[in-house]
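**Q** Below are the structure tokens for one structure; questions will follow.
2 protein chains.
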Amino acid sequence: MRAVGLIVEYNPFHNGHAYHLQASKEAAEADIVIAVMSGNFLQRGEPALVSKWQRTKMALLNGVDIVFELPYCFATQKAETFANGAVSMLDAVGTHCLCFGSESGDISDFFRTIDHLEAKQHLFNENIKQFLSTGVSYPKALSLAFGQLPDSDKYLDLAKPNNILGLEYIKAIKQQKSNVIPMTIPRKNANYHDQDFTSATIASATSIRKAIFADSDGKSAIDQYVPKATKQLLNEYLQFYQVFHQWENYWSYLQFRLIHSSPEELRNIYEMEEGLENRLLSAAREADTYLEFMQKIKTKRYTWTRLQRLCVHILTNSKKEDMAMISEKASYLRLLGMTTKGKEYLNKNKAHLSLPLISKLSSFKGKEINLDIKAARVFSLGLPNHLKNKMIHQEYQQPPIYIK
Amino acid sequence: MRAVGLIVEYNPFHNGHAYHLQASKEAAEADIVIAVMSGNFLQRGEPALVSKWQRTKMALLNGVDIVFELPYCFATQKAETFANGAVSMLDAVGTHCLCFGSESGDISDFFRTIDHLEAKQHLFNENIKQFLSTGVSYPKALSLAFGQLPDSDKYLDLAKPNNILGLEYIKAIKQQKSNVIPMTIPRKNANYHDQDFTSATIASATSIRKAIFADSDGKSAIDQYVPKATKQLLNEYLQFYQVFHQWENYWSYLQFRLIHSSPEELRNIYEMEEGLENRLLSAAREADTYLEFMQKIKTKRYTWTRLQRLCVHILTNSKKEDMAMISEKASYLRLLGMTTKGKEYLNKNKAHLSLPLISKLSSFKGKEINLDIKAARVFSLGLPNHLKNKMIHQEYQQPPIYIK
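Just so you know, the sequences run in chain order W and U.
Using this note's numbering, the letters of the first sequence map in sequence onto residues 1 to 404.
Using this note's numbering, the letters of the second sequence map in sequence onto residues 1001 to 1404.
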């Protein structure tokens, strides 16, 4: 059985994802689709709209055969770390190829760009340093530095977020000497950061979430952009848990943590840089909402995403020492769900998996998975009091979701 | 001007307090009344119903002339520490006598009991140890140990909470070689722990709070037990801040703190004893409400009050090292409010105060007062989001309340 791997967040699963899935399967001539999916907190430093379990159901009902959870220590990270974790998992499960969507859509662009970057590495690094010294953020410096290299217009556009991610996937594959073959397909219509609907059937997850939170009517406004299963699963979640998760639901906790901690304690948090703790402390004392807080702490130097990830680490109390032991590869495969075909694949390949397969939390111990559990606990804080522990119990008791 | 000192919580100020105040003033032949009042968190380890500012107004409108805040590091403590802090403040401001309510009502009982305890100290301590080894709480062991001393029935009844507090006041006066003269008056009708109304005009603060939280009608049920000013100030507070404070308002924060902290971090919290942190951690993972949580952690060994105080320290993140530097005497007098007569008294005695008088937060720095500020921040978490920072600003900007 030939497997194509996808690296996803599905927040929520929409028509663009469905297109990417089908196109990837065809391009790779694959029998099954394996997704490595972020858990409850995402790469942009945000809580997912609904839990990883519900998003797993969306994936399985829309064509994915196996869903693994990308551990917290890789999921809420910059592109490089995120890519390293996800690629190592696809490799461990024997995926034949990884197919990612990109603005470029041409895999040779990626290889040429990597070669170019390697050839000009010294100049590139010098350029980055120079731009960083002007006070811009790292991703901005990277894109500007690349633009300064000779003939840069003949290579990938590194101002595009999915090109950057793709580049990191391929760098990870090279670095890990992985057998996974990278492929890319062009993204359709929606840009990653689009806030509003621009096409009749495909919209960015950002604009879909925006519509969902806009008002109660927003939920029907998304109908044309998401498969029916997504719509049903969103409604089901809302009915049971009474909320969709967003940062504002966690603001009280973030504020509490900030106002009762000492600067020394905050300085130990992963990704906290010297001096930033005081900025956060004073903003927490002034802001009434998460949005106000973010607007107060935002500077040219730190991207919104970078700051949000830091805030997630504050909530989960993830310290520098906790994250220091994270290696560049994942150390387990936590199975969130599978279809019959997915099950068949896993049964056939069981003996060849290079990492332990976890179907039940109680059967595995480790520092990394403790972070996942803590993230699930913290995610549950977004719910009404009487439902929090229900979600925690699910985390421990839920067997992998199985869909025939 | 002759001043009588009272040590109070006024949660809220009720008819029993009004009686105690008048009787104390008369007994002491005093011109003015000085109250040392707990701030936002109380000796029983609970948030006050309304802020210290609103309770200061209650005090001033009902006959108190000067209100000082008993610092957090004394207010949320066992009787001995509570008494030490309060007595030292009354002494520093030149109060002539301290008049406390007690079940006994006879000051000579207290002196005789202290002499008796000193004479039998060795036996008493042995008795306490023995009872503690049976697993009962410290206050229980103390009362039982005293009962085992010869002729104990001729002395104070140490099963009564106000007798114990009174004893600690007098011990503090002796130990600090204070000039404050202790007096006591018998408490009227209500017992400290009474849950229900038992008299026509005097009820315990416990039963009054219970009625207030029982339902919206409870607010009129208390009319006969509290002065009009109290009623008005309670209503005003509710209108502005939309809540009365109780532990359940803080449960989410306590639970969050417990589920994201490591056992090592919790072990540093003041009053945390070996092994208790794990008990708290596992209870936080099971309980949906504060009451459920408390019921899960309660044992014979720890009183409800002792555990509640520990929970307050968890909320305020007060560590053993923070509290270790607390001496037996207060180091400042934070003025919360005064009447014209109170102002006159302070003006006259300004030169003789043995501690700095703080009217404005910004004019004073210190570790102890930082704990008060943190307590005020944490207290504000019980409010709706858009009102939290309003309360914090009051903490910094509110001059002492002045009532003519």
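Note that CB positions come from ideal geometry on N, CA and C, so glycine has one too.
Treat the numbers as computed from the prediction; the structure is a model and nothing was measured.
#1: Can you give me the C-alpha to C-alpha distance between residue 1330 (chain U) and residue 1021 (chain U), rounded to a whole angstrom?
#2: Is residue 337 (chain W) buried or exposed, if buried means 16 or more other CB atoms sit within 10 Å of its CB?
#3: Would residue 1334 (chain U) pass as an interface residue toward chain W - the criterion being a Cβ-Cβ separation below 8 angstroms?
#4: Assuming residue 1213 (chain U) contacts residue 1244 (chain U) (C-beta within less than 8 angstroms), just tell me the rounded distance between them.
#5: On the DSSP bridge list, what partners appear for residue 1003 (chain U)?
#6: Give me the chain W residues within the contact set of residue 1252 (chain U), using Cβ-Cβ distance strictly less than 8 angstroms, ordered along the chain.
#7: Report the option in W:102, W:341, W:343 and W:400 whose CA atom is closest to the CA atom of residue 156 (chain W).
#8: So the beta strand (DSSP E) residue 1240 (chain U) belongs to, where does it begin and stop?
#9: Kindly indicate which three-state DSSP category residue 337 (chain W) falls into: helix, strand or coil?
#10: Verify the CB distance criterion: does residue 1264 (chain U) have a CB-CB separation below 8 angstroms to chain W?
#11: Pick from W:50, W:57, W:33 and W:7: whose alpha carbon is nearest that of residue 41 (chain W)?
#12: How would you list, in chain order, the residues of chain W whose beta-carbon sits under 7 angstroms from the beta-carbon of residue 1316 (chain U)?
#13: Using CA coordinates, which residue listed in W:179, W:79, W:277 and W:132 is at the minimum distance from residue 258 (chain W)?
#14: Closer than 8 angstroms, CB to CB, is residue 1109 (chain U) near chain W or not?
#15: Under DSSP, the beta strand (DSSP E) around residue 277 (chain W) begins and ends at which residues?
#16: List the residues of chain U whose Cβ lies closer than 8 angstroms to the Cβ of residue 392 (chain W), in chain order.
#17: Assuming contact is defined by CB atoms lying nearer than 8 angstroms, are residue 1010 (chain U) and residue 1044 (chain U) in contact in what I supplied?
#18: For residue 81 (chain W), which of helix, strand or coil comes out of DSSP?
#19: Thinking C-beta only, is residue 1142 (chain U) closer than 8 angstroms to residue 1083 (chain U)?
#20: Distance cutoff 8 angstroms, beta carbons only. Does residue 1404 (chain U) sit that close to anything in chain W?
#21: What residues of chain B sit near residue 378 (chain W), judged by a beta carbon separation below 8 angstroms?
#22: So, with DSSP's three-state summary, where would you put residue 152 (chain W)?
#23: Taking the C-alpha atoms as reference points, what is the distance between residue 1111 (chain U) and residue 1262 (chain U)?
#24: Can you check whether the C-beta of residue 288 (chain W) is within less than 8 angstroms of a C-beta belonging to chain U?
#25: Just list the alpha helix (DSSP H) runs in the region 243 to 328 of chain W, keeping only unbroken ones of 4 residues or longer that don't cross its boundaries, in chain order.
#26: Against chain U, does residue 389 (chain W) count as a neighbour if the rule is that its beta carbon must be under 8 angstroms from one of theirs?
#27: What residues in the region 1358 to 1375 of chain U have a beta carbon less than 8 angstroms from any beta carbon of chain W?
#28: Buried or exposed, going by whether 16 or more other CB atoms sit within 10 Å of the CB of residue 405 (chain W)?
#29: When you compare each of W:117, W:100 and W:75 to residue 169 (chain W) by their alpha carbons, which one comes out closest?
#30: Between the Cα of residue 211 (chain W) and those of W:249, W:12 and W:256, spot the shortest distance and give me the residue it belongs to.
#31: Measure the CB-CB distance between residue 185 (chain W) and residue 105 (chain W) and report whether it falls below 8 angstroms.
#32: CB residue 459 (chain W) to CB residue 91 (chain W), shorter than 8 angstroms?
#33: Below 8 angstroms, can you find three or more Cβ-Cβ pairs linking the region 1310 to 1326 of chain U to the region 1365 to 1382 of chain U?
#34: At a cut of 8 angstroms, does the region 1337 to 1352 of chain U reach the region 1065 to 1085 of chain U through at least three beta carbon pairs?
#35: Excluding sequence positions up to five away, which residues of its chain have a Cβ less than 7 angstroms from the Cβ of residue 222 (chain W)?
**A** With the given structure in hand:
#1: 24 angstroms
#2: buried
#3: no
#4: 7 angstroms
#5: U:1032
#6: 252, 253, 381 and 385
#7: W:102
#8: Taken as a continuous stretch (DSSP letters only), residue 1240 (chain U) belongs to no beta strand (DSSP E), being part of the alpha helix (DSSP H) at 1228 to 1241.
#9: strand
#10: no
#11: W:50
#12: 260
#13: W:277
#14: no
#15: Unbroken run through residue 277 (chain W) is the alpha helix (DSSP H), 276 to 284; no beta strand (DSSP E).
#16: 1285
#17: no
#18: helix
#19: no
#20: no
#21: Judged by its chain identifiers, the structure shown contains no chain B, and its protein chains are W and U.
#22: helix
#23: 47 angstroms
#24: yes
#25: 251 to 260, 263 to 267, 276 to 284, 290 to 297, 304 to 316 and 320 to 324
#26: yes
#27: 1374
#28: No information on residue 405 (chain W) is available, as it lies outside the stretch 1 to 404 that chain W covers here.
#29: W:100
#30: W:12
#31: yes
#32: Since the first residue shown for chain W is 1 and the last is 404, residue 459 (chain W) is missing from the structure and cannot be characterised.
#33: yes
#34: yes
#35: 208, 211 and 212
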